[in-house]
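Using the numbering used here, read the sequence shown as starting at 435 and increasing by one per residue.
Beta carbons: idealized from backbone N, C-alpha and C, even for Gly.
These numbers were taken from a predicted model, which means no experiment stands behind them.
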Amino acid sequence: MPRPKGSKSKGTRTTAKRKAGGSIAEQLTQVGVELEKQEALMVALGADVDKLTSALKEKKAAYRTAGRTVAKLTKEKEALAEQEAEEARLAEVEKLAAAVLSSGKSTEEIMAFLNQA
Numbered sequence: 435m436p437r438p439k440g441s442k443s444k445g446t447r448t449t450a451k452r453k454a455g456g457s458i459a460e461q462l463t464q465v466g467v468e469l470e471k472q473e474a475l476m477v478a479l480g481a482d483v484d485k486l487t488s489a490l491k492e493k494k495a496a497y498r499t500a501g502r503t504v505a506k507l508t509k510e511k512e513a514l515a516e517q518e519a520e521e522a523r524l525a526e527v528e529k530l531a532a533a534v535l536s537s538g539k540s541t542e543e544i545m546a547f548l549n550q551a
C-alpha cells in the first residue's frame, strides 16, 4: 500500500544544514569570502583577456602588413621576370639581325625574311 502524502518519514532540510555547517553567520562569512575570491579571480582573468586581445590585434596587423609586403614583392618579381624575358628576346633579335646583315643579303631579302618569321 502506498504511503499517504503527509508521510512523517521525511527529514527536515534545515536541521541537516545546521548540523553540517554550523551557524548561519559563519556560513554567510564563508560565502562572502568565497565570493570575494571569485570576484578577484574574475578581475584577473578580465585583465588577461584584455592583454591577449590587444596582442591578437597587434599580430593580426602584422599579418596583414606581411601579406601586403608579400603581394608587392611577388608583383616586383613578376615584373623583373618579364623585363628579363624582354631583354632576352631583344638580344636574340639583335643576334639574328647581325647574322642577316653579315650574310650580305639585300634589304628587300631581309624584309622578306622578317615578314616570313
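query                                                                                                                                      : result
Rounded C-beta distance between V534 and F547? I'm assuming under 8 angstroms.                                                             : 7 angstroms
So for K539, helix, strand or coil by DSSP?                                                                                                : coil
Does the CB of A500 have a neighbour CB from chain B at under 9 angstroms?                                                                 : In the displayed structure, chain B is absent; only one protein chain is listed.
Are there any heavy atoms of the ligand ADP lying less than 8 angstroms away from the beta-carbon of F547, as far as the coordinates show? : In the structure on display, the ligand ADP does not appear, and there are no ligands present to speak of.
Could you compute how far the alpha carbon of E516 sits from the alpha carbon of K509?                                                     : 11 angstroms
What number of angstroms, rounded off, separates the C-alpha of D482 from the C-alpha of E492?                                             : 15 angstroms
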